[in-house]
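Here's the structure we're looking at; comments come further down.
Protein chains: 2
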Amino acid sequence: MSEPRPAVDASAPIGVFDSGVGGLTVLKALQARMPAERFVYLGDTARLPYGTKSARTVQRYAVQAAGQLVTRGVKALVVACNTASAVALVALREAYQPLPVFGVVDPGAAAAGRVSRSGRIGVLATESTVRGGAYQHAILNLRRNARVFARACPMLVTLAEDGWIDGDVPERIVSSYLGAFLHGGESIDTLLLGCTHFPILRDVLARVAGAGVTLVDSAETTAQHVATAIERTAGAALEPHAARLLLATDDRHRFARVGRYFLGEALAAEDIELIDL
Amino acid sequence: MSEPRPAVDASAPIGVFDSGVGGLTVLKALQARMPAERFVYLGDTARLPYGTKSARTVQRYAVQAAGQLVTRGVKALVVACNTASAVALVALREAYQPLPVFGVVDPGAAAAGRVSRSGRIGVLATESTVRGGAYQHAILNLRRNARVFARACPMLVTLAEDGWIDGDVPERIVSSYLGAFLHGGESIDTLLLGCTHFPILRDVLARVAGAGVTLVDSAETTAQHVATAIERTAGAALEPHAARLLLATDDRHRFARVGRYFLGEALAAEDIELIDL
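Chains A and B, in that order, give the protein sequences. Going by our numbering, 154 is the number at position 154 of the first sequence; the sequence numbering is gapless. Going by our numbering, 520 is the number at position 243 of the second sequence; the sequence numbering is gapless.
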């Protein structure tokens with residue numbers, strides 16, 4: 001027996017949630033695909049990172065943060081944080097049903113499973129995403145004979161946050177993380193970027209992985225999935241800056257300074273509203 | 278006019294507080310200097326790191342976390358977190374007076390000011406410690422003609438947390454951070470490790486800095502300062518393991534796994550009590 005769904009206000013904004021600024025890569029992809037939609041983005045910067053915390057804590061934080069977006073009348077929720085997508089999606093769906101809740105894990109896993117020829121797929125993610133096994137399970141559900149190699153890459157998060165994306169140090173760190181995946185005929189042919197921070201490092205990741213490896217970015221595949229699934233707002237394309245509201249739980253200055261790398265646009269502290277959770 | 282101080286129970290434990298496991302380097306130094314004392318250590322692992330957060334947020338977290346130790350009847354509080362020492366010491370002293378509250382910044386700064394011959398002192402710390410200028414001010418207060426060069430080193434925190442302390446990658450990252458400090462006759466002669474994570478990387482820091490640079494570790498200098506200042510408990514030396522209680526706000530397994538590097542002793546998840554703040 002299903003409850004009657006409340007009438008959806010198509011002009012309501014879509015909520016996008018992340019532990020910090022990394023999810024701005026997802027927001028950027030969503031805005032590119034759905035230019036007539038409005039968005040409210042919340043970065044829980046006071047409590048980031050989620051990637052080193054326990055599942056129980058991440059669930060609690062995610063439900064609390066999403067509540068803030070629900071209060072603001074969003075018509076759908078996109079969990080742009082890989083860690084929260086991996087461990088808190090069920091809790092979020094239960095807490096806010098019948099609100100449609102989308103994560104980044106399933107779209108990313110589906111895309112990786114689809115593009116891989118050999119079925120040998122590498123996944124780079126945070127410590128808790130890897131430990132929870134969400135990407136491994138999602139890929140194997142779709143493609144039973146795949147071989148999935150997952151690796152926690154905490155240094156890539158710090159490099160991306162720091163904007164340290166060129167030169168010798170990022171290259172050596174990436175080589176060290178990818179080394180075990182890249183052995184001649186046994187090499188992976190697909191590399192899934194299972195953390196919203198990693199697209200920032202796409203150039204160095206592609207160079208080290210080599211031409212034989214396809215990079216799959218869960219930001220792009222998630223935007224595609226969300227755009228297909230939810231009711232589209234009719235109307236003219238909006239100016240991206242005007243069509244989004246940015247919320248953070250701490251330090252608007254840092255959010256603006258680091259966030260501009262992820263959003264690929266200029267950002268000022270005044271563009272961000274500080275909230276308490 | 279000073280209020281009468283309540284009688285201090287000399288056998289009460291000393292509280293030690295940090296955002297995570299890094300402060301275990303301070304606990305270790307305290308236990309070595311004060312073997313008859315008991316300690317309660319609290320790592321606020323659910324909300325780490327503090328080093329990228331605003332002063333206001335760090336103050337709020339620190340006062341809340343310290344309250345937990347005060348409830349457990351500590352006779353003094355050691356703030357083993359550089360970031361909280363730099364921005365929250367006044368708030369903590371106000372909140373819990375007349376409890377003696379010790380930070381790591383002043384002892385570290387005093388030691389660096391004392392050992393430097395040239396007065397050219399490098400400080401490696403977190404983003405918010407550097408931005409707040411606490412070490413710079415503390416050193417210049419003590420030694421007016423010193424020249425202090427401070428650098429935020431987020432990658433060193435991640436390296437230490439990850440136990441990645443040997444080899445080419447840590448060496449290159451340290452070289453990149455120290456490069457600007459080490460120019461021939463203009464080089465620093467003293468390097469202050471202004472984050473409790475950094476003593477873990479002491480070997481590579483010393484190697485890159487070279488023989489002409491003295492490393493000052495605020496864990497050791499703080500332990501010395503605390504031992505001099507507070508009433509010592511008479512009695513026989515206690516077995517370190519039995520003389521301390523370890524509390525964490527998240528993930529006992531990670532605390533044990535990462536914490537053992539900092540404490541320099543075996544640790545199991547069962548040694549840590551999980552609390553909510």
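Quick reminder that beta carbons are idealized off the backbone N, C-alpha and C, glycines included. Note that this is a predicted model, so its numbers are computed, not measured.
For residue i: DSSP bridge partner residues
i              : result
G471 (chain B) : B:A402
R428 (chain B) : B:L401
D18 (chain A)  : A:G43
R244 (chain A) : A:F39
Three-state secondary structure (DSSP) of residue i
i              : result
R5 (chain A)   : For R5 (chain A), the predicted structure reports a pLDDT of 47, less than 50, and the residue's modelled location is therefore unreliable. A value from the coordinates is still provided. Residue state, collapsed to three classes: coil.
V40 (chain A)  : strand
E550 (chain B) : strand
A76 (chain A)  : strand
G167 (chain A) : coil
L182 (chain A) : coil
S288 (chain B) : coil
D480 (chain B) : helix
A450 (chain B) : Inspection of the sequence shows that residue 450 (chain B) is occupied by Ile rather than by Ala. Reduced to three states, the DSSP call for I450 (chain B) is helix.
E542 (chain B) : coil
R420 (chain B) : coil
T526 (chain B) : coil
D189 (chain A) : coil
R260 (chain A) : helix
G23 (chain A)  : coil
G409 (chain B) : helix
Residue closest to residue i, alpha-carbon to alpha-carbon, out of the options
i              : options                        : result
V216 (chain A) : A:L247, A:T126, A:R114, A:T158 : A:R114
A289 (chain B) : B:K330, B:V351, B:V298         : B:V351
A80 (chain A)  : A:R72, A:F198, A:L178, A:G179  : A:F198
G396 (chain B) : B:P431, B:I465, B:N359         : B:I465
V340 (chain B) : B:K305, B:V378, B:P312         : B:V378
D276 (chain A) : A:V21, A:A36, A:E37, A:R47     : A:R47
T45 (chain A)  : A:A110, A:V16, A:V21           : A:V21
T302 (chain B) : B:N418, B:G487, B:V490, B:T473 : B:T473
L30 (chain A)  : A:S19, A:G15, A:G43            : A:G15
E107 (chain A) : A:V78, A:E94, A:Y96            : It is Pro, not Glu, that sits at residue 107 (chain A) in the sequence shown. The residue with the shortest Cα to Cα distance from P107 (chain A) is A:V78.
A10 (chain A)  : A:Y50, A:G51, A:K28, A:L99     : A:L99
L369 (chain B) : B:P517, B:R394, B:V335, B:A389 : B:V335
G194 (chain A) : A:I139, A:G259, A:E171, A:G185 : A:I139
P374 (chain B) : B:A437, B:V347, B:A506, B:G399 : Checking the sequence, you will find Gln at residue 374 (chain B) rather than Pro. It is B:V347 whose Cα lies nearest to the Cα of Q374 (chain B).
V258 (chain A) : A:V105, A:A234, A:G43          : A:G43
G300 (chain B) : B:A543, B:R537, B:E547, B:D548 : B:R537
S218 (chain A) : A:D18, A:N82, A:L156           : A:N82
R408 (chain B) : B:V490, B:T329, B:A545         : B:T329
R254 (chain A) : B:S405, B:L401, B:G487         : B:S405
E542 (chain B) : B:D295, B:F294, B:S296, B:L304 : B:L304
A388 (chain B) : B:E371, B:R420, B:S362         : B:R420
E239 (chain A) : A:G185, A:F39, A:I230          : A:F39
I398 (chain B) : B:A506, B:P447, B:E463         : B:E463
Y50 (chain A)  : A:A76, A:S116, A:A84, A:Y41    : A:A84
E550 (chain B) : B:A533, B:T510, B:G380         : B:A533
V400 (chain B) : B:F539, B:A457, B:H518         : B:A457
S54 (chain A)  : B:F539, B:E547, B:D548, B:D527 : B:D527
L482 (chain B) : B:L455, B:T505, B:A506, B:I507 : B:L455
H241 (chain A) : A:R232, A:I230, A:A229, A:A268 : A:A268
R72 (chain A)  : A:A86, A:V90, A:Y41            : A:Y41
### Task
Please specify which runs of the beta strand (DSSP E), each continuous and at least 3 residues long, are wholly inside the region 205-242 of chain A, giving them in chain order.
Correct list: 214-217.
### Three or more C-beta pairs below 8 Å linking the region 519-537 of chain B and the region 415-435 of chain B
The region 519-537 of chain B is not in contact with the region 415-435 of chain B.
### Message
With a threshold of 8 Å, are at least 3 pairs of Cβ atoms found where one atom belongs to the region 163-180 of chain A and the other to the region 215-232 of chain A?
### Response
Output reads no: the region 215-232 of chain A does not touch the region 163-180 of chain A.
### Task
Check whether the region 326-346 of chain B touches the region 305-313 of chain B, taking contact to mean three or more Cβ pairs, one atom from each stretch, closer than 8 Å.
By the Cβ criterion, the region 326-346 of chain B is not in contact with the region 305-313 of chain B, since fewer than three pairs of Cβ atoms, one from each stretch, lie closer than 8 Å.
### Query
At what residue ranges does the region 47-124 of chain A contain a whole run of the alpha helix (DSSP H), taking only runs of 4 or more?
Runs of the alpha helix (DSSP H) lying entirely within the region 47-124 of chain A, each at least 4 residues long, are 55-71, 82-96, 105-115 in chain order.
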